[in-house]
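Reading through the structure tokens given below for one structure.
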Amino acid sequence: MSSAIMLDRGALGQAGFTTPGAQPVPAQGANWCVVPRCSIEIEQCADGCKIKCCCDDDIACATLQNLCRMLAGGQCSVCCQLNGVTVLDCKFTCCHCKCEMTEDGCCITCCSGDTACCEMVQACCEAIACCVKNGCCCYVCFNGTPVCCCC
422 MSSAIMLDRG ALGQAGFTTP GAQPVPAQGA NWCVVPRCSI EIEQCADGCK IKCCCDDDIA
482 CATLQNLCRM LAGGQCSVCC QLNGVTVLDC KFTCCHCKCE MTEDGCCITC CSGDTACCEM
542 VQACCEAIAC CVKNGCCCYV CFNGTPVCCC C
């Protein structure tokens, strides 16, 4: 699903982009998914980091949890963008990532027993936390497919 288009629920009405006077033509076999909006908390732990995705409403929470159930077990990554430009793209390849469902979303734990890998994961954790704090839009992904976004 690497060709997926990310849309907020508020952008659904704008999915058929057209020029003035042109008839909208639906794309054949369009591949897009609605990414739930949530808040992301990221914190270091002893052997890696924890990413907590929390949703305000039940529909967004159910969507997030269903996406995680389908995609968890693959490569976890976090992409941070500012004004549509990628600032940071952390791929947690040197650790084991486990996704657990919580009452209001999910908690992804990325850990490694190797000291050097643990340092890299924690450095990514700090960088992502800095991006979230300073207004970047961050997407949590499994296998390159976004499961939630925080703006």
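Residue numbers for the sequence shown follow our numbering, so the first one is 422 and each next one is one higher.
All C-beta atoms, glycine included, are put in the ideal place defined by N, C-alpha and C.
Discussion item. Beta-carbon within less than 8 Å of G378's beta-carbon, same chain only, minus the 5 sequence neighbours each way: which residues are those?
Written reply: The structure shown has nothing for residue 378, since the chain only spans 422 to 572.
Worksheet item: Is G556 buried or exposed, if buried means 16 or more other CB atoms sit within 10 Å of its CB?
Response: Within the sequence shown, the letter at position 135 stands for residue 556. Answer is exposed; the Cβ neighbour count stays below 16.
Item to complete: Verify whether the separation of the beta carbon atoms of C520 and I529 is less than 8 Å.
Response: Counted from its first residue, the sequence shown places residue 520 at position 99. Counted from its first residue, the sequence shown places residue 529 at position 108. In contact: C520 and I529 (Cβ atoms closer than 8 Å).
Discussion item. Suppose contacts are defined by Cβ-Cβ distances below 8 Å. Is F513 in contact with C531 by that definition?
Written reply: Numbered from 1 along the sequence shown, position 92 holds the residue referred to as residue 513. Numbered from 1 along the sequence shown, position 110 holds the residue referred to as residue 531. Yes, these two residues count as a Cβ contact at 8 Å.
Worksheet entry | Close Cβ partners of C545 (< 6 Å) along its chain, the five nearest in sequence each way excluded | Locating residue 545 in the sequence shown gives position 124, counting from the first residue. Closer than 6 Å at the Cβ level, and outside the excluded window around C545, lie C511.
Item to complete: Kindly provide the ranges of any alpha helix (DSSP H) runs that are 4 or more residues long and lie completely inside the stretch 479-547, ordered along the chain.
Response: 479-492
Fill in: Limits of the unbroken beta strand (DSSP E) element including V568
Along the sequence shown, one-based indexing puts residue 568 at 147. It spans 566-571 - the beta strand (DSSP E) in which V568 sits, taken as one unbroken run.
Practice prompt. Reducing DSSP to helix, strand and coil, say where S424 ends up.
Written response: Taking the first residue of the sequence shown as 1, we reach residue 424 at position 3. Low confidence applies to S424: its pLDDT is 48, below 50, so where it sits in the model is not reliable enough to give any reading.
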